[in-house]
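When we follow this note's numbering, the leftmost residue of the sequence shown carries the number 138, and every step to the right adds one.
No residue lacks a Cβ here, since even glycine has one placed at the ideal position from N, Cα and C.
This report concerns only the one structure given below.
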Amino acid sequence: MPRFGHLEQVLNIFGYLKKHHNAELVFDPSYPEIDKAAFARKDWSTSEFGHLKGKEVLPPKAPKPRGRGFITRAKVDADHAPNIVTRRLRSGFCVYINCCAPVYWFSKKQTSVETSSFRSEFCAMKLCCEYLRGLRYKLRMMGIPVEGPVFIYGDNQSALANTTIPESQLKKKSQSIAYHFIREGVARDEWKTAYVNTHDNESDLFTKLLPSGPKREGFVRRFLHHIFRSKG
């Protein structure tokens with residue numbers, strides 16, 4: 138059922154659409170430049186995931202891939218305890234094909250309350266990785282070549298470091314499921330993670346209300362291309 142504030146949010150949506158009626162999605166198919174040094178692979182052979190041998194599980198009945206391959210990137214963010222009533226976290230992420238082609242974006246208030254931003258980031262990253270695994274499966278079943286891992290960027294250095302350190306452990310069961318899910322994908326070379334400065338992480342748009350200014354406008358331009366037409 139609609140609750141307090143829902144009508145105000147709907148009005149905000151229509152106000153945004155009215156203001157940006159002359160905009161369209163940016164879709165740049167060119168290949169991005171990836172800093173491979175930031176995604177350097179660690180040795181997982183002596184960890185609990187050593188048996189995976191860096192191999193992703195492929196669909197058994199996928200057709201033979203045809204055409205050009207592509208690069209998938211994702212940016213992830215979480216807002217820790219933003220709601221003053223429930224203190225539930227908000228997760229957000231966006232997915233790009235090649236350089237600047239946004240194909241999916243996500244924002245949702247989660248049902249859990251996390252005690253640290255470290256755990257909040259892992260919840261958001263798990264949601265992103267689940268979507269990416271499904272996306273790669275669907276593309277392969279359509280005969281589209283999916284080569285190499287997904288490059289995932291986040292702005293929490295502690296969480297990102299723990300996804301790539303084979304010896305790292307997290308014993309609390311509620312968080313360790315998301316924790317090991319992400320680490321297993323890294324060990325399979327299904328995705329890789331690296332740090333990005335919060336001022337260059339446009340998934341901030343999906344986790345918090347950014348004030349008007351250069352940061353917000355710069356993020357919006359990565360998704361929307363504004364078309365200005367003269368009135369003459």
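(message) For R203, which residues in the same chain have their Cβ closer than 6 Å to its Cβ, ignoring the five residues on either side in sequence?
(response) For R203, where only same-chain residues beyond five positions count, the Cβ hits under 6 Å are G280.
(message) Does the segment 213-228 come into contact with the segment 351-360, if we say contact requires no fewer than three beta-carbon pairs (one atom in each stretch) closer than 8 Å?
(response) At 8 Å Cβ cutoff, the stretches do not touch.
(message) Quick check on the DSSP output: the beta strand (DSSP E) that includes I234 runs from which residue to which?
(response) Counted as a single uninterrupted DSSP element, the beta strand (DSSP E) harbouring I234 occupies residues R227 to I234.
(request) Could you check what DSSP says for G142 in three-state terms: helix, strand or coil? (result) In the three-state reduction of the DSSP assignment, G142 falls in the coil class.
(request) Give me whichever residues DSSP pairs with P375 in a beta bridge. (result) Summary: the structure shown does not reach residue 375, with the chain confined to residues 138 through 369, and so no result is reported for it.
(request) Could you round the C-beta distance between K179 and T301 to whole angstroms and report it? I think they count as a contact, below 8 Å. (result) For a cut-off of 8 Å, the C-beta gap from K179 to T301 is around 6 Å, short enough to register as a contact.
(message) Considering Cα atoms alone, identify which of G206, D292 and C265 is closest to I319.
(response) The option with the nearest alpha carbon to I319 is C265.
(request) Can you tell me which of the three DSSP states E284 falls into? (result) E284 sits in coil when the DSSP states are folded into three classes, being neither helix nor strand.
(message) Once DSSP output is grouped into helix, strand and coil, what is the label at R366?
(response) Any reading at R366 must be qualified, since the residue scores a pLDDT of 45, below 50, and its modelled position is unreliable; the value itself is stated next. It is coil, neither helix nor strand.
(request) Please specify which runs of the beta strand (DSSP E), each continuous and at least 3 residues long, are wholly inside the segment 322-346, giving them in chain order. (result) Here the runs fully enclosed are 328-332.
(request) Using 10 angstroms around the beta-carbon of N299, count the other beta-carbons present and answer buried if the total reaches 16, otherwise exposed. (result) Residue environment analysis places N299 among the buried positions, since at least 16 neighbouring C-beta atoms fall within 10 angstroms of its C-beta.
(request) Specify, as a first and last residue, the run of the beta strand (DSSP E) that L195 falls within. (result) Looking at the DSSP string, L195 is not in any beta strand (DSSP E), and its letter there is neither H nor E.
(request) Determine contact between the segment 344-356 and the segment 147-154, defined as no fewer than three beta-carbon pairs at a distance below 8 Å. (result) These segments do not touch.
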